[in-house]
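Structure first, commentary second.
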């Protein structure tokens with residue numbers, strides 16, 4: 002085999018490896034394909050393919066909400082659920098569970114019906130002043146006017162209300178075993194912790210993916 006032929010063959014192999022590596026590194030985006038129709042499913046596509054699907058089928062960026070439900074989609078902007086226009090999405094729509102083991106935002110769960118499972122009517126607040134709630138008081142109770150409402154659909158928060166579970170640390174104050182494993186979030190920035198504004202999801206089918 003001549004030196005020239007060997008160099009050509011090596012060049013072909015290297016070019017092939019580079020192409021495979023580049024293909025693997027292409028960022029993919031979740032797209033809800035044909036939402037509300039029998040063919041509905043979440044696809045993870047490169048940007049060009051994702052925009053093509055949106056133009057061709059009326060698809061939209063993000064995961065298809067079929068089994069799971071949004072608990073909150075706008076962090077502390079309101080005490081309600083927020084609008085779906087603020088929903089974040091991450092590749093493959095993977096959900097992250099609490100506890101995260103880090104006091105970042107001070108997000109706490111109020112298990113208002115005492116079931117130790119997430120149900121409609123339960124509430125969330127922030128109380129860590131180093132996070133997105135600078136007026137928060139980290140004392141495991143709700144301080145009206147100081148702690149920041151994340152979710153309080155029925156306006157039931159009252160001053161001195163006892164926190165049931167600290168979601169970040171998993172600490173329980175009223176006997177629950179810890180965070181409901183189906184109460185999860187989309188870790189949009191990939192830092193491993195819940196940050197103000199990241200969507201909170203109820204993983205109804207328990208598969209760890211928003212679907």
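Numbering (the working numbering), first residue to last: 2 to 212. Glycine included, each C-beta is placed from N, C-alpha and C at the ideal position. These numbers come from a predicted model, not from an experiment.
| query | result |
| --- | --- |
| Span of the beta strand (DSSP E) around residue 202 | 201-203 |
| Among 34, 40 and 110, nearest to residue 182 - alpha-carbon criterion | 110 |
| Bounding residues of the beta strand (DSSP E) (the contiguous stretch that carries residue 108) | 108-111 |
| Reference residue 122, options 46, 72 and 45, closest by Cα | 72 |
| Three-way DSSP call (helix, strand, coil) for residue 18 in this model | Low confidence applies here, because residue 18 scores a pLDDT of 38, under 50, leaving its location unreliable and the question unanswered by this model. |
| Residue from 137, 136, 143 and 171 whose Cα sits closest to the Cα of residue 158 | 143 |
| Backbone secondary structure at residue 105 - three-state DSSP | coil |
| Nearest residue (CA-CA) to residue 190, options 94, 207 and 175 | 94 |
| Beta-carbon separation (whole angstroms), residue 194 vs residue 69, contact threshold 8 Å | With 8 Å as the limit, residue 194 and residue 69 do not qualify as a contact, their Cβ atoms being about 21 Å apart. |
| Where residue 33 sits in the DSSP three-state scheme | strand |
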